[in-house]
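> Numbering (the UniProt record's numbering), first residue to last: 1 to 111. Note that the Cβ used here is the ideal one computed from N, Cα and C, for glycine as well. Given the structure is predicted, the values throughout are model-derived calculations rather than measurements. Have a look at this one.
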Amino acid sequence: MEKTYYNPADLAKFGNITEWQSEMGRKFFDYYGEVFKEGALTEREKSLIALAVAHAVQCPYCIDAYTTDSLQKGADEAQMMEAVHVAAAIKGGAALVHGVQMMNKAKELTM
Numbered sequence: 001m002e003k004t005y006y007n008p009a010d011l012a013k014f015g016n017i018t019e020w021q022s023e024m025g026r027k028f029f030d031y032y033g034e035v036f037k038e039g040a041l042t043e044r045e046k047s048l049i050a051l052a053v054a055h056a057v058q059c060p061y062c063i064d065a066y067t068t069d070s071l072q073k074g075a076d077e078a079q080m081m082e083a084v085h086v087a088a089a090i091k092g093g094a095a096l097v098h099g100v101q102m103m104n105k106a107k108e109l110t111m
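Written out as structure tokens, the structure is:
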């Protein structure tokens, strides 16, 4: 197996975070479980959102987990890639809109 900074086997150990702080860990996992239950959004839609966010925050564990989860919940490759492009557009737009702050500051300093 190729050596990487992120060990894919660590994803399976996620539940172990409760070992060093059981009360907060349980609260997190209870909340996490509730968030992903069917509600106004389907479980598939929530999984696609999670996949997009995983790319925006660049979490390889989340990308692996929500790629698997999205497929298991019936998403197809085109839907998953579209979600990734939505994340890329939002992240790119967020970086660019901060250019207005830079422009404002530059104008303030050069006037």
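#1: Using a 10 Å radius around the Cβ and a threshold of 16 neighbouring Cβ atoms, would you call residue 81 buried or exposed?
#2: Would you mind stating whether residue 69 and residue 47 have Cβ atoms separated by less than 9 Å?
#3: Would you report the Cα separation of residue 105 and residue 87, rounded to the nearest angstrom?
#4: I'd like the span of the alpha helix (DSSP H) that includes residue 24, first residue to last.
#5: Apart from the five residues on each side of it in sequence, which residues of its chain come closer than 6 Å, Cβ to Cβ, to residue 73?
#6: How would you write the range of the alpha helix (DSSP H) that residue 120 sits in, first residue to last?
#7: Check the C-beta distance from residue 89 over to residue 51 and give it rounded, since I have them as a contact under 8 Å.
#8: Rounding to the nearest angstrom, what Cα-Cα distance links residue 4 and residue 62 in this structure?
#9: Roughly how many whole angstroms lie between the Cα atoms of residue 95 and residue 102?
To lay it out plainly:
#1: Exposed: under 16 other Cβ atoms inside 10 Å.
#2: Closer than 9 Å, so yes.
#3: The straight-line gap from Cα to Cα measures roughly 28 Å.
#4: DSSP places residue 24 in the uninterrupted alpha helix (DSSP H) bounded by 22 to 35.
#5: Apart from the 5 residues on each side of it in sequence, residue 73 sits with its Cβ closer than 6 Å to the Cβ of 43, 44, 47 in its chain, given in chain order.
#6: Summary: the structure shown does not reach residue 120, with the chain confined to residues 1 through 111, and so no result is reported for it.
#7: With 8 Å as the limit, residue 89 and residue 51 do not qualify as a contact, their Cβ atoms being about 15 Å apart.
#8: Taking C-alpha positions only, residue 4 is separated from residue 62 by approximately 16 Å.
#9: Each residue's Cα considered, the two are about 11 Å apart.
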